[in-house]
Amino acid sequence: MTDQPSGVPSAGDALFLSDAQLRASALDLSQTVLPPQLRPRAEIGVLDITEFYGDTTGGVRTYLREKAAYVEAHPAYRQVLALPGSRDAISQSDGVRVYRLKGPVVPKQAPYRFMLATRSNRRIVRHEAPNLIEVGSPGLVPWIVRLAARGLNIPVVAFYHSNFPRLFSPWPERAPWWQRTLHDVAWKYARRIDRHFAHTIVCSRFVMDDLHQAGIDRVSQIPLGVDLALYHPRRRAKREEVRARYGLPAGLVAGFVGRFAPEKELDLLLRAWPAVYRNTGAVLALVGDGPERPMLEAMAAGAPWIRFLPYERDRERLADLLASWDLFVAPSSNETFGLAPLEGLASGTPVLSADRGGISEQVETSGAGERFVSGDVGSLTETAVRLLGTNLEALGARGRAHAEANHSWGSVFDRIFALYRQIVRDHAGGA
Numbered sequence: 513m514t515d516q517p518s519g520v521p522s523a524g525d526a527l528f529l530s531d532a533q534l535r536a537s538a539l540d541l542s543q544t545v546l547p548p549q550l551r552p553r554a555e556i557g558v559l560d561i562t563e564f565y566g567d568t569t570g571g572v573r574t575y576l577r578e579k580a581a582y583v584e585a586h587p588a589y590r591q592v593l594a595l596p597g598s599r600d601a602i603s604q605s606d607g608v609r610v611y612r613l614k615g616p617v618v619p620k621q622a623p624y625r626f627m628l629a630t631r632s633n634r635r636i637v638r639h640e641a642p643n644l645i646e647v648g649s650p651g652l653v654p655w656i657v658r659l660a661a662r663g664l665n666i667p668v669v670a671f672y673h674s675n676f677p678r679l680f681s682p683w684p685e686r687a688p689w690w691q692r693t694l695h696d697v698a699w700k701y702a703r704r705i706d707r708h709f710a711h712t713i714v715c716s717r718f719v720m721d722d723l724h725q726a727g728i729d730r731v732s733q734i735p736l737g738v739d740l741a742l743y744h745p746r747r748r749a750k751r752e753e754v755r756a757r758y759g760l761p762a763g764l765v766a767g768f769v770g771r772f773a774p775e776k777e778l779d780l781l782l783r784a785w786p787a788v789y790r791n792t793g794a795v796l797a798l799v800g801d802g803p804e805r806p807m808l809e810a811m812a813a814g815a816p817w818i819r820f821l822p823y824e825r826d827r828e829r830l831a832d833l834l835a836s837w838d839l840f841v842a843p844s845s846n847e848t849f850g851l852a853p854l855e856g857l858a859s860g861t862p863v864l865s866a867d868r869g870g871i872s873e874q875v876e877t878s879g880a881g882e883r884f885v886s887g888d889v890g891s892l893t894e895t896a897v898r899l900l901g902t903n904l905e906a907l908g909a910r911g912r913a914h915a916e917a918n919h920s921w922g923s924v925f926d927r928i929f930a931l932y933r934q935i936v937r938d939h940a941g942g943a
């Protein structure tokens, strides 16, 4: 048997394989001989594992890809990722290896897949021997990691990408009894899995406050970052060309980028926008995909005030699109952070957000937009009309300055890896 399994792309090949690329893989990670560790003398080796990954997913996908780029550029670190996919596969670059593990699609939540490969994950953890494991989703993954790392004395941290109890009941104080019950059960579950974690990382005060209220106290807040070279106001110079490419008008355009799912509250946006359009002429562009797309398209069928655009895989084209808009609209009141609105701010595009959640904090801190009363159609309409009549360029300049000062990916991962080192030291001291 050889040390290197067939089908492992060398450095320089695609690191994060698409589902189409995965179809060519014939590996079985429960049996295949795994390749030698990358950077075996690295100071910190982290294993990231999550179910929140797919070809057309958003913030977690961006976080993991940017983290991989950071590790590639820092020889003191190495990274292993365990992600669900349509087939088992391995890909790697300098200091980063990605294992894809076959799992079924989550019903009504494509492209998300279940992580079910307990044996393969145990083999990977034992073979790669990370200094620390980061759990990026709350469902099956914490239990898979518990099994995979049993007896290995590896500290496990959680990255709280989803404020999942609020998915059951965004406003428990107003909810019917059955929603409040689901909300309470979800927090009970959150406290249960927290016993397995040495620490939890969050991106906003909103989430930190929720966790503290629930009795989860070992928490650090580290906001996420943005690619400041890619998302840049210089792209606004070709606004006319970009709008023509996507069939957008020359007048005011507001837009949303993200997953079309209930927690994004896009139905609220669609109920408000006819009045915004009547008062300002601003067209609304929705970019993305997800389970609510058919419902949203039916809500706005034939309307002159909306354009539905597909998920944009090309980052250059997405950056062009964000810079071509006058306003980014983010109606969700439950966001843990909101990467796409931050990409808008870095592009010089101001943001209109709900007045609760991670995006609200970005708008408040940057001063580059306005906030409406969460869940209130009338407030959204009134605030959008007022904001579209202000000096949007000046607000956009504020947004860019805020992104430059606070959200480079380099500074974000400097903080995260410093926290990793502290957790590993503390764990070793208490072992």
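Read left to right, the sequence shown gives residues 513 to 943 (this note's numbering). Every residue gets a Cβ at the ideal spot worked out from N, C-alpha and C, and that includes glycine. For clarity, every value in this text was computed on a predicted model and none was experimentally measured.
Among the options, the one whose alpha carbon lies nearest that of residue i
| i | options | result |
| --- | --- | --- |
| L839 | E828, G800, T895 and M807 | T895 |
| A831 | V799, R819, A580 and S603 | V799 |
| D600 | A762, A629, P547 and P623 | A629 |
| P682 | L541, E804, V754 and R868 | R868 |
| I666 | P688, I556 and A762 | I556 |
| H711 | P735, A670 and V697 | A670 |
| H673 | V572, A538 and G727 | V572 |
| R686 | D938, A909 and G887 | G887 |
| P547 | Q604, R704 and R634 | Q604 |
is_contact[residue i, chain D] using C-beta, thresh 8 angstroms
| i | result |
| --- | --- |
| R631 | No chain D is present in this structure, which holds just one protein chain. |
Check whether residue i and residue j have beta carbons under 8 angstroms apart
| i | j | result |
| --- | --- | --- |
| L899 | E873 | no |
| R717 | S836 | no |
| F626 | C715 | no |
| N918 | R678 | no |
| A594 | L613 | yes |
| Q644 | Y932 | First, the residue type needs correcting, since residue 644 is Leu and not Gln in the sequence shown. Yes, the pair counts as a contact, with Cβ atoms nearer than the cut-off. |
| L782 | L808 | yes |
| P843 | W817 | no |
| K620 | P803 | yes |
| G922 | S878 | no |
| G467 | V863 | One cannot answer for residue 467 here, as it falls past the ends of the chain, which runs 513 to 943. |
| Y758 | L834 | no |
| A732 | S632 | According to the sequence provided, residue 732 is Ser. The question's Ala does not apply to it. No, the pair does not count as a contact, with Cβ atoms beyond the cut-off. |
| S649 | F564 | yes |
| A477 | L760 | This structure cannot settle anything about residue 477, because the visible part of the chain is limited to 513 through 943. |
| V795 | V897 | no |
Alpha-carbon spacing of residue i relative to residue j, whole angstroms
| i | j | result |
| --- | --- | --- |
| K700 | P642 | 29 angstroms |
| A810 | W655 | 40 angstroms |
| A866 | F929 | 32 angstroms |
| R927 | G793 | 44 angstroms |
| G770 | D801 | 7 angstroms |
| G737 | Q725 | 26 angstroms |
| L529 | E640 | 20 angstroms |
| R590 | V637 | 14 angstroms |
| S859 | A766 | 14 angstroms |
| A749 | L659 | 53 angstroms |
| A940 | R819 | 55 angstroms |
| V608 | A588 | 12 angstroms |
| Q934 | K776 | 35 angstroms |
| P616 | T568 | 16 angstroms |
| L559 | V592 | 5 angstroms |
| T481 | H695 | The structure shown does not extend to residue 481, since the chain is modelled only from 513 to 943, so the question has no answer here. |
| D540 | T693 | 41 angstroms |
| A698 | D729 | 17 angstroms |
| D826 | L742 | 12 angstroms |
| V889 | A812 | 16 angstroms |
| F680 | T574 | 25 angstroms |
| F904 | V754 | Sequence inspection shows Leu at residue 904; the Phe mentioned does not correspond to that position. So the two alpha carbons sit approximately 19 angstroms from each other. |
| V841 | L778 | 10 angstroms |
Same chain, Cβ closer than 6 angstroms to residue i, neighbours up to 5 away in sequence not counted
| i | result |
| --- | --- |
| Y582 | F925 |
| A532 | none |
| G942 | none |
| E578 | W921 |
| P623 | G566, D567 and T568 |
| A784 | V889, L892 and T893 |
N-terminal and C-terminal residue of the alpha helix (DSSP H) that residue i is part of
| i | result |
| --- | --- |
| A810 | R805 to M811 |
| S732 | Segment V731 to Q733 is the beta strand (DSSP E) holding S732; no alpha helix (DSSP H) there. |
| T456 | Coverage of the chain is limited to positions 513 through 943, which leaves residue 456 absent and any answer about it impossible. |
| P853 | L851 to A858 |
| E578 | G571 to E584 |
| R634 | T630 to E640 |
| R910 | L904 to N918 |
Residue i, enclosing beta strand (DSSP E) - first and last residue
| i | result |
| --- | --- |
| H711 | H711 to V714 |
| Y589 | Y589 to G597 |
| V795 | V795 to D801 |
| D560 | I556 to I561 |
Own chain residues within Cβ distance below 7 angstroms of residue i, not counting five before or after
| i | result |
| --- | --- |
| V657 | I561, I645, V647 and V668 |
| S537 | G519, R599, D600 and A601 |
Neighbourhood of residue i by C-beta, 8 angstroms cutoff - its chain only, sequence neighbours within 5 removed
| i | result |
| --- | --- |
| G901 | T792 |
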